[in-house]
Structures are given as C-alpha cells and as structure tokens.
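Start counting the sequence shown at 209; every next residue gets the next number (the numbering used here). Quick reminder that beta carbons are idealized off the backbone N, C-alpha and C, glycines included. Predicted model only: the values in this text are computed from it and were never measured.
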Amino acid sequence: MNLRDNLRRLLVRVYARRVEGHLDHDQVPKHIGVIVDGNRRWAKAAGSTAAQGHRAGADKIEEFLGWCSETDVEVVTLWLLSTDNFDRPEEELGPLLDIIENVVKSLAADGRWRVHHVGTPDILPSRMQSVLKEAEEATAHVDGILVNCAIGYGGRQEIADAVRSMILDHAEKGTSMEELADRVDIDMIGKHLYTSAQPDPDLVIRTSGEQRLSGFMLWQTAHSEYYFCEVFWPAFRKVDFLRAMRDYAARHRRYGG
209 MNLRDNLRRL
219 LVRVYARRVE
229 GHLDHDQVPK
239 HIGVIVDGNR
249 RWAKAAGSTA
259 AQGHRAGADK
269 IEEFLGWCSE
279 TDVEVVTLWL
289 LSTDNFDRPE
299 EELGPLLDII
309 ENVVKSLAAD
319 GRWRVHHVGT
329 PDILPSRMQS
339 VLKEAEEATA
349 HVDGILVNCA
359 IGYGGRQEIA
369 DAVRSMILDH
379 AEKGTSMEEL
389 ADRVDIDMIG
399 KHLYTSAQPD
409 PDLVIRTSGE
419 QRLSGFMLWQ
429 TAHSEYYFCE
439 VFWPAFRKVD
449 FLRAMRDYAA
459 RHRRYGG
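So, in structure tokens, the structure goes:
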C-alpha cells in the first residue's frame, strides 16, 4: 500500500470519528433494513468470482452489526436471499446457499445477536430450514440486536402469506368469510407478517447505487426513510454507515402530518 492510500485511509478514519462524535443517539433509527446489494459487481471489478464476492459480503455482516450495536440500533433486517434469487444458475446458487448457511451459524454462535428468519421456509432446502430453526432456538434468550435474516424472502409473498395465515386462523375459530371481511383491517393483517410484534423499519439502506426497493418489506416500509449508497456491499465502510445515520437524523418524519 502506497503513501497516498495510507493517507486516504487516515483521513477517512478521522472523518468517521468526527461524524460519530456529532451523532445524536436519541435520533438513531431503532430498526434498520438493509438490502445488501453489489456482491457480484464488486467481485467482477476485483477480478474475482461471484462466490468470492458473496463471501466478502458475508464477512461484512458482523462488522455492520457491530456498528449498529455501538449506536443503539435494536433491530436489523438483512435481505440475504430473495425469492427471485432462486432463478440463478445452480453453479452460483449452490455456493451462495452454503455461504448464507455459514452466516446464520456464525451469527448464532457469536452470542450477541438474536436470530429470526423472515421468508418462506418451504422454498428453502431442508438443511437451510434446520439451520435457521436451530439458530432461532439457540439465540432466543439473547438480549442483543434482533437480526432478521431475510432468506427466501419476497415482499409480495409475505403479504400473500400473511393474508393466508389470517384466513386460516379465523377459519379455525369458526369465523365466517362475511364476518372476517367486516373485521379485517391493517392491524389484523400486520399481526400475521413475518415481523409480527416488531417495530417497522425506520431506515432502509441499499448499497450498490440501485435506487429501488425490489419488493423489500413492502408493507413495513410505508413510512420508512431510504438511504441509497453508491458503494458495493463488501466495500461498505463505517463512514458510509455513519453518513446514513446522520442523514436519517437530519430528516423530519411527519407521517403524513
């Protein structure tokens, strides 16, 4: 590494400390959703394989959660695998599933995070389902950040699953369709979402420069703030995280008022 790179890194660290020093912890988001995008493009730019890009993205996760812990964030939802990702070639999907499994195991073994799966379990391989179940059970007692691992997740699918769950729940109670139609409201549907009883995301971060949600938490993000970052996920730095937090704190959330 040459002198210019060393100087640049030093300046970034100094700048990050300055931003962090001015951060009001009373104004930080309690729930952050993250669309971890850009692993493959980062790998391509580095002359690496897609699998190496996904591994680099996986390595970033615990570092990111550490930053969240330092700033009193309580819930983090990480979109690790969408329902659309199952359309990828098997030679890429197989290693990606292995990498995600290792991420879940690592989060559970860390001891600082409470792991919760959000997504449709039926479309996941049985081994992945077992890993997620074991991680949830092993961390149920942990009093740290609740980490929602969105794996096999799609926003429209979540809403469809919530409505289906709601209908089946009331069918078991003997509620007629006419009665259910009269009683159904936003809160009733919300109770059947994957994130039931959790606060909605205050802030959604998407890396890689893409400025769209791609179906991420369509119901829960109705009032969320969004922060789109140009850097690819494996290259996401603490200073980028702090900029997102500062940007969020500077906004005035009116909720339609």
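(Q) For the alpha helix (DSSP H) containing R364, name the first residue and the last one. (A) In the sequence shown, the residue the question calls residue 364 occupies position 156. Per DSSP, R364 belongs to the alpha helix (DSSP H) from 363-380.
**Q.** Secondary structure of L411, DSSP reduced to three states
**A.** Locating residue 411 in the sequence shown gives position 203, where the first residue counts as 1. If DSSP states are grouped into helix, strand and coil, L411 belongs with the strands.
(Q) Going by the DSSP bridge assignment, what does T285 pair with across the sheet? (A) In the sequence shown, residue 285 corresponds to position 77, counting from 1. G241, N356, per the DSSP bridge assignment.
Q.
Rounding to the nearest angstrom, what Cα-Cα distance links D408 and S432 in this structure?
A. Position 200 of the sequence shown, counted from the first residue, corresponds to residue 408. Position 224 of the sequence shown, counted from the first residue, corresponds to residue 432. Distance between the alpha carbons of D408 and S432: 8 Å.
Q. Nearest chain D C-beta to H324 closer than 9 Å, yes or no?
A. The chain labelled as chain D is not found in the depicted structure, where only one protein chain is given.
Q: Helix, strand or coil for F436, going by three-state DSSP, please let me know.
A: Start at 1 with the first residue of the sequence shown, and residue 436 comes out as number 228. If DSSP states are grouped into helix, strand and coil, F436 belongs with the strands.
Q.
Measuring straight from C-alpha to C-alpha, what distance separates L388 and F424?
A. To locate residue 388, count along the sequence shown from 1; it is residue 180. To locate residue 424, count along the sequence shown from 1; it is residue 216. Answer to the nearest angstrom: the Cα atoms are 28 Å apart.
Q.
Considering Cα atoms alone, identify which of G362, E278, L273 is closest to L289.
A. Here residue 289 is taken as the residue at index 81 of the sequence shown, counted from 1. It is G362.
Q | Option nearest T328 by Cα separation, candidates A358, M396, E386 | A | By one-based count along the sequence shown, residue 328 stands at place 120. If we check each option's Cα against that of T328, A358 comes out closest.
Q) For the 8 Å Cβ check, are there 3 or more pairs between the stretch 325-340 and the stretch 284-302? A) yes
**Q.** Residue span of the alpha helix (DSSP H) that contains V312, given as start and end
**A.** Locating residue 312 in the sequence shown gives position 104, where the first residue counts as 1. Run containing V312: 298-318, per the alpha helix (DSSP H) assignment.
Q) Since S334 sits in a beta bridge, which residues does DSSP pair it with? A) Counting from 1 along the sequence shown, the entry for residue 334 is found at position 126. According to DSSP, S334 bridges with nothing at all.
Q | DSSP beta-bridge partners of W321 | A | Position 113 of the sequence shown holds residue 321. Answer is I353.
Q.
I'd like to confirm the pairing. Which residues does DSSP put opposite S404 in its beta bridges?
A. Indexing the sequence shown from 1 puts residue 404 at position 196. In DSSP, S404 forms no bridge with anything.
Q.
If the criterion is Cβ atoms closer than 9 Å, does the pair L421 and T429 meet it?
A. Sequence index remark: in the sequence shown, residue 421 carries index 213 (1-based). Sequence index remark: in the sequence shown, residue 429 carries index 221 (1-based). It is a contact, given that the beta carbons lie within the stated cut-off.
Q) Is it a yes or a no for the stretch 257-267 touching the stretch 331-338, going by three-plus beta-carbon pairs under 8 Å? A) no
Q: Give the single residue among R263, P237, K238, R296 whose Cα lies nearest to the Cα of V244.
A: If you number the sequence shown from 1, residue 244 lands on position 36. Comparing Cα-Cα distances from V244 to each of R263, P237, K238, R296, the minimum goes to R263.
Q) Between R249 and A443, what straight-line distance do the alpha-carbon atoms span, to the nearest angstrom? A) The count along the sequence shown starts at 1 and reaches residue 249 at position 41. The count along the sequence shown starts at 1 and reaches residue 443 at position 235. Each residue's Cα considered, the two are about 11 Å apart.
Q.
In whole angstroms, give me the CA-to-CA distance for L219 and R445.
A. Counting from 1 along the sequence shown, the entry for residue 219 is found at position 11. Counting from 1 along the sequence shown, the entry for residue 445 is found at position 237. Interpretation of L219 is limited by its pLDDT of 49, a score under 50 that renders its predicted location unreliable; no figure is taken from the coordinates.
(Q) Taking only three categories from DSSP, how would you classify S290? (A) Translated into the one-based positions of the sequence shown, residue 290 becomes position 82. Three-state result, S290: strand.
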